[in-house]
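Worksheet for the structure shown next.
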Amino acid sequence: MSPVQNVPAFSILILMLCGILCLVLPRTASRRLADCAIALVAAGNIALLLYFLRGADAYIYSMGEIGAPFGNELRAGMLEAAVASLFSIITLLSLMGGRAHLRSDIGRQKVNLYYISTLFLLCSMLALVYTNDLFTAYVFVEINTITACGIVMSKEDGYTLAASMRYFIMSLVGSGLFLISICILYAVTGHLLMSNIQEGVAQLYAQGQYRAPLQVAIALMGVGLSLKSALWPFSSWLPDAHSSASASSSAMLSGLVLKSFIFLMVKIFYRVIGVGIMRSHAVLDLLLVFGILGMVMGSVNALFERDIKRLLAYSSIGQIGYIFCGIGLGTSAGVAAAMVQVAVHACTKAMLFCAAGGLMDASGGSKKFRDIEGAGRRDPYAGVAFIVGTLSMVGIPFFGGFITKLSLVQAAVTVGGWRNLLSILAIITSTILTAIYYINVLAIVFRAPETAPTKASEKLREEWKKQVRLDTEYEFAIILFIILNLTIGLQSDRLMQIITTGLSMFG
Amino acid sequence: MNGIGILIAIAIPILGGAFVPLLDFGSRRARESYVMAIVLAASVYTLSLLASGQGTSFVLYHLTSTIDITFRIDRYGSIFALLVSVLWPLASLYAFEYMSHLHKKNRFFGFYTMCFGITLGVAFAGNFITMYLFYELLTLVTVPLITHEGTREAKVAGVKYLVYSIAGATAAFIGMIAVLSHGGSLEFDVIGLGSAATPENRRLFDLAFLFMFFGFGVKSAVWPLHGWLPTAGVAPTPVTALLHAVAVVKSGVFAIGRVVYFTYDAGYLDGSFVQKVGLLFSAFTIIYGTVMAWKEMHFKKRLAYSTVSNLSYIVFAFLLVTPSGLEAGLLHMIFHGVMKIALFFVAGAVMHQSGRIYVTELRGFGKAMPVSIAVFTVASLALTGIPPLCGFLSKFAIAEAAVEESTPFAYFGIAALLISAIFTAAYLLTICIRAYFPPADFEPWSLKSVKEANWYMTLPLVLLAAAIILLGCFPGPLMRFIGGVVPAAFPGL
Amino acid sequence: MTNAVTLLTISDGLSIQFASDGLGRIFLCLDTVMWILAAIYASKYKEHMKKPKQFFVFFGLTYLMLAALSMAANYLTMYLCFEFMTLLSMPMVLNDGTMESIAAARKYLMYSIFGATLGLLGFFFSAYYGTSAVFVSGGVLDAAKTAGKEGTLLVTAFISIVGFGAKAGLFPLHAWLPTAHPVAPAPASAVLSGVITKAGVLCILRIVYQVYGAAFLSGTWVQTALIVLALITVFMGSMMAYGEDLLKKRLAYSTVSQVSYVLFGVFTMNPAAVLGALLHVVYHSIIKDCLFFGAGAVIFTNHKEYVSQLRGMGKKMPVTYGCFTICSLGLIGIPPFAGFLSKWYLATGSLSEGLPVLSWLGPAVLLLSALLTAGYLLPISIQGFFPGEGEKEAEGKEAPGRMLFSMLVLAAATVLLGIFAQPLSDVMQQIAGGLF
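First to last, the protein sequences are chains A, B and C.
Under our numbering, the first residue of the first sequence carries the number 1, and numbering increases by one thereafter.
Under our numbering, the first residue of the second sequence carries the number 1001, and numbering increases by one thereafter.
Under our numbering, the first residue of the third sequence carries the number 2001, and numbering increases by one thereafter.
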């Protein structure tokens, strides 16, 4: 057994440990610890990914060397390693990008708590990625929910409290449904380890027993996890939560948290239910239709927004719709397209939220369009980030967004029937709408000072001139985000290879 | 010839243009000199490439295992690049004067110049994905030009343009990927679908063709997707003239030509259902555009509808899917570009000098702005199709190609062509009559303040009029250059 | 056509070429003589014009184009000259500058361009299906290529001929004529009616005989339809003239009718009928020009435009009315004035052609029209000289010398060409024969 195979378990443990340590450490120390821990975890997972790329097979890691079916297991494969690396890197970059806001939003006293939440959040996401046990998954789902609420609430104002409450309640509904589904599966198969459950389910299906409970279990699990990953129409909690939170929180929530639940869902479809059975279940069609509706409705709502962070939140709903559309197509090409979108959207949206934070800073803290006019010229990094983001969202080659559009369209045209036509129409509509509201943002953000100088922007320009130079960490984070986006755009072959090999190792 | 030269030709205007908004020019002269230097450098360099670099290709990047970003200089692309390179310096010169009274010039010239490079990118694209890249960039870079004035009208026009364009490009993209996923090739040096076109796949490839046809048909203003063009008439004249008579709309027909002759081929399309659909829609658009132009009283909108109609001449010719059809379409692509840009420039000169925007207000302008109206007359006669001006030649070529094809749809096209010629005379020559022969009760002193435009604007006009006459009388070299497309597009012949 | 001179070769099969054959020379001579006479007339009439300089510029340019048209050796050159001639003659119509004249000029332009565009259709097809770009008597169609496409080619022939017929006032594209001729200054009306309409006739002659060929068109539905249209025009023109009070408009309707006599002869496709047609081209030009000069003289000197105002005017303008009467008699077809012989040959040619119904219907319509012609022309002369009891006599004086000169020359020609018809008839016979 190669030493790098220990990475999954140790990642989770290190993050937990550091999280606890942050409780007692002073502010700067806890920040450094958090950064180092996440960086270390990222490095470890990248090493694991390289290990798989060199030709290793997926493996099962028993915690504490206690064998199945009593012990707890992790399973690591190429896809899991890739996703885990991605999550870690984005978390780090989000923290870097939004650091300035942590200072201003959260207050020096409570910054520790923020880092604790973040570390546990990442920990739970990695656990969801690696776990091979359904109940453990549930535990970490709950931890995820709590810590996610934590990072929303940590910016204490009325909006965030109301938003996080709403988020919490709806999330719990989702978790509840998920739990019921687990109970049914456990009752029916008698196992909690994913691979074991799969054998049981396959057996039962072949014998024709317990059909109805299994159908219900699949449906509940689909709905439960969809609720948590903001599938339309279960996404009403998202705009408030993501827009009111601090910059790095929004970045992590939009970019990562939603994806972790989606990843879990895909994992369960492949590993617990089994691809064959999944493909014949109506829940995929449901996901497809709601995904498509999300693509359109998310963009439609974004069109009418005059608040930059709410616009980005609605945009997320739309982009999540792409992912569900991909999954709902029911082919492996579709799931691959969904995974690509997971990667691309994580980078892009996190970057945009950090940049939005920058725009707000350059506009006296306001999120409204009338105040951020011209902010792109005051904060050039945010401006360039928005240009890159727009080009990516519209789907210009060389950027990541083109690759997702390409893979989704490829998946759509190779599927037959009504699914083909519906998804094509949805892609066209959503691309148009996305282009409109992002280009509108660019127009506003780059508006030259001499046109329509509002009283507010006059004052802001004066203040900005007095403000000290930009945060280097923020600049660095933006640059790295852009590089990440371009890397996906330029090296998509490698990414597709990882995804397809990973998916084949998955189930 | 090193293929990287292609990249240089494209990069000069894009990078040069990108710097314009960032640099602070001391005077109008400085900005003009800089912009003209960039444009001329790019033009000259491109022309030298066309002369010596036929057949070079250059793979910029392998985007995925099946998709590359490739550039190639082939005869078909060279024709478009030729048109664009010759007209851009003239248009820039005109724009300097026209924009002198408007604001935000840096931003304007920045995007205007970048557009040149991007259009060259469309011309030199070696496969569909590369062309799609530049096609989308073209949309993005022209939106700020349309909304330049900042009025509510301009913003509406910009959004409309954006919606139509993105819808079209996405539909075309879907068609492209459908072709790619089922075994077709998107490279432009591979003619036709080859063995991928089995009877089972026929329906899918037909559908993909329609997606690409109507997708690119947005920029080509095929009815019913033409709506953005007349509305975009509110943009400053250099934009409507160059972009909506030459660069943007010709990119659309150029792309359709690539679909018809390079991705699909005559063997697949000749006599097929989709060919009939295309011929029908383009023939209808010819008539529709010309009737709407006749009814329209706003000068630039009238010319915009005229463009709608004339673009479908080219689309119609292309859809005949014969060598003569291809040559005729390309001939009209060039000639119409020259004629229409002259017409728009005159409209702009009239607006610039007198503020008049409706055709009914042009009484007596023949005396007040003699050079402009003379050029307008030459261009109008040419567009109506009076020999020996160039417009006659391209119309004749299209008609001959249709006569050769001798199917009912082709004949319908000839009828559309003739109907359009009559209406063109009606909506253009009546302007000339009004300008030269005002009624007896016309008071000359009412136009006392209207003077001819200065040399920045009249020089391009005169050169264009000369071109219209010379290309009509001595088209030989150009026609031979265009004829060079046939061996590439029809490998079996 | 032999020895064609190429002015410009645009591309393969497209060139501007000129040549002179018998037909072209006749038209050229006619144009030149009429133009000179009209110029002399106009040198005095210009005092009545709003913009004389503009008039003379376009007057001269139109002549150049007409001359070029007569010498055109191929379809493209003919089309080019035709279009330019329209463009250059149009400003003469709107010389007055009134809204009415501008509207009339626009109508003229549109009808002509519409007609020319229809004519272009013939060019598209003959360029593709023809063996030679240059006109060749008997037609240029390539028999091998046209096999199976005769139906299409017949349709295009019909459309093109009707198109060029617009210039000649052939129904249904005649409506511009009665509107444009009256509002133009009299010398312009004269050449428009007398000469420019014949340009349309020339184009039709070339297309019928030297592009498609009589053999191709003879006996087909195209011939039948064209003859019917010509006869309708003959009859309708005469009827409308009969009821019209505005003198110049009456003469315009008369032109509509008379030029279709010519076309009737052309479409009958028989050497005798064509001879009649060619003779009528010359006769009608001379006669109609003189009639318009007369009408113009009345307007110029006495400012009266309506026939009802002219009772007794003959006594005040004896020379003018004398010429007018002689020409009227010629137009009606009374021997020995010019105009009888052309109608004779038209009738005999039609009867000998042997077309069902039309062979006898044609001459019948011509006869009826002659009666109507008498009905709309003779009363003018009669009332001019014999105003009748109790009727108010018009005030006026004789026209100035230069205008009288032109009229006298033309009236003399009418008499002389009628009496000494043989030389012209022989020339025309040779030309007519050469078309088949």
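Every residue gets a Cβ at the ideal spot worked out from N, C-alpha and C, and that includes glycine.
Hey, how far is the Cα of residue i from the Cα of residue j?
i                  : j                  : result
Ala1425 of chain B : Val1485 of chain B : 32 Å
Glu1452 of chain B : Glu2083 of chain C : 29 Å
Ile143 of chain A  : Gln497 of chain A  : 32 Å
Asn132 of chain A  : Glu73 of chain A   : 5 Å
Gly208 of chain A  : Gly77 of chain A   : 32 Å
Cys18 of chain A   : Val257 of chain A  : 20 Å
Ser1027 of chain B : Leu1459 of chain B : 23 Å
Val1218 of chain B : Thr1263 of chain B : 19 Å
Ile1494 of chain B : Leu1428 of chain B : Absent from the model: residue 1494 of chain B. The displayed extent of chain B is 1001 to 1493, so no value can be given.
Ile488 of chain A  : Phe399 of chain A  : 7 Å
Ala1317 of chain B : Phe1211 of chain B : 19 Å
Pro1388 of chain B : Ala2042 of chain C : 32 Å
Within 8 Å (strictly less), CB to CB, does residue i reach chain A?
i                  : result
Ser1065 of chain B : yes
Ser1181 of chain B : yes
Would you say residue i faces chain B, with C-beta separation under 8 Å as the test?
i                  : result
Tyr2345 of chain C : no
Val413 of chain A  : yes
Lys2046 of chain C : no
Ala2127 of chain C : yes
Phe2050 of chain C : A small fix is needed here, since residue 2050 of chain C is Lys in this sequence, not Phe. Yes, Lys2050 of chain C lies at the interface with chain B (some Cβ there is under 8 Å from its Cβ).
Asp2096 of chain C : yes
Ile432 of chain A  : yes
Met295 of chain A  : no
Thr1947 of chain C : The displayed coordinates of chain C run from 2001 to 2436. Any statement about residue 1947 of chain C would go beyond what the structure contains.
Phe2018 of chain C : no
Asp379 of chain A  : no
Considering Cα atoms alone, identify which of the options is closest to residue i.
i                  : options                                       : result
Ser2342 of chain C : C:Leu2192, C:Leu2275 and C:Val2155            : C:Leu2275
Phe234 of chain A  : A:Val188, A:Ile184, A:Thr189 and A:Met170     : A:Met170
Asp2289 of chain C : C:Thr2179, C:Lys2149, C:Leu2069 and C:Pro2187 : C:Pro2187
Ile438 of chain A  : A:Ile116, A:Leu287, A:Ile308 and A:Ile317     : Here the sequence assigns Tyr to residue 438 of chain A, which means Ile is not the residue at that position. Of the listed residues, the one whose Cα sits closest to Tyr438 of chain A is A:Ile308.
Ala1030 of chain B : B:Tyr1076, B:Lys1105, B:Tyr1098 and B:Gly1385 : B:Lys1105
Val441 of chain A  : A:Leu33, A:Arg108, A:Cys149 and A:Ala302      : A:Ala302
Lys2392 of chain C : C:Ser2308, C:Asp2021, C:Phe2216 and C:Ala2364 : C:Ser2308
Gly417 of chain A  : B:Leu1120, B:Arg1203, B:Val1338 and B:Tyr1161 : B:Arg1203
I'd like to know whether the C-beta of residue i is nearer than 8 Å to at least one C-beta of chain C.
i                  : result
Ser1043 of chain B : no
Ala1379 of chain B : no
Met1479 of chain B : yes
Val1403 of chain B : yes
Ala1437 of chain B : For the sequence presented, residue 1437 of chain B should be read as Phe rather than Ala. Interface residue, yes.
Gly1233 of chain B : no
Subject >> Touch test, the segment 89-99 of chain A against the segment 243-250 of chain A, Cβ-Cβ under 8 Å, three pairs minimum >> reply: Verdict: yes, contact present.
Original post:
Does the segment 1056-1076 of chain B come within contact of the segment 1003-1016 of chain B, defined as at least 3 CB pairs closer than 8 Å?
Top reply: A contact exists between the segment 1056-1076 of chain B and the segment 1003-1016 of chain B.
Subject >> Cβ pair count under 8 Å reaching 3, the segment 1246-1257 of chain B against the segment 1193-1203 of chain B >> reply: Because the criterion of three Cβ pairs below 8 Å is not met, the segment 1246-1257 of chain B and the segment 1193-1203 of chain B do not touch.
Original post:
Do the segment 2254-2262 of chain C and the segment 2196-2213 of chain C touch if we need at least three Cβ pairs shorter than 8 Å?
Top reply: Short answer: they touch.
Original post:
Between the segment 435-451 of chain A and chain B, which residues of the former have CB atoms less than 7 Å from a CB of the latter, in chain order?
Top reply: Residues passing the 7 Å Cβ filter: Ala435, Ile436, Ile439, Ala448 and Thr451.
Original post:
Between the segment 47-65 of chain A and the segment 18-25 of chain A, do at least 3 Cβ pairs fall closer than 8 Å?
Top reply: Judged by pairs of C-beta atoms under 8 Å, the segment 47-65 of chain A does not touch the segment 18-25 of chain A, as fewer than three such pairs exist.
Original post:
Are there three or more Cβ pairs, one per stretch, closer than 8 Å when the segment 1323-1330 of chain B is compared with the segment 1439-1446 of chain B?
Top reply: Segment contact: the segment 1323-1330 of chain B against the segment 1439-1446 of chain B, fewer than three CB-CB distances shorter than 8 Å; contact not assigned.
Original post:
Taking Cβ-Cβ distances below 7 Å as the criterion, which residues of the segment 1426-1455 of chain B are in contact with chain C?
Top reply: The residues in question are Ala1426, Leu1429, Thr1430, Ile1433, Phe1437, Pro1439 and Ala1440.
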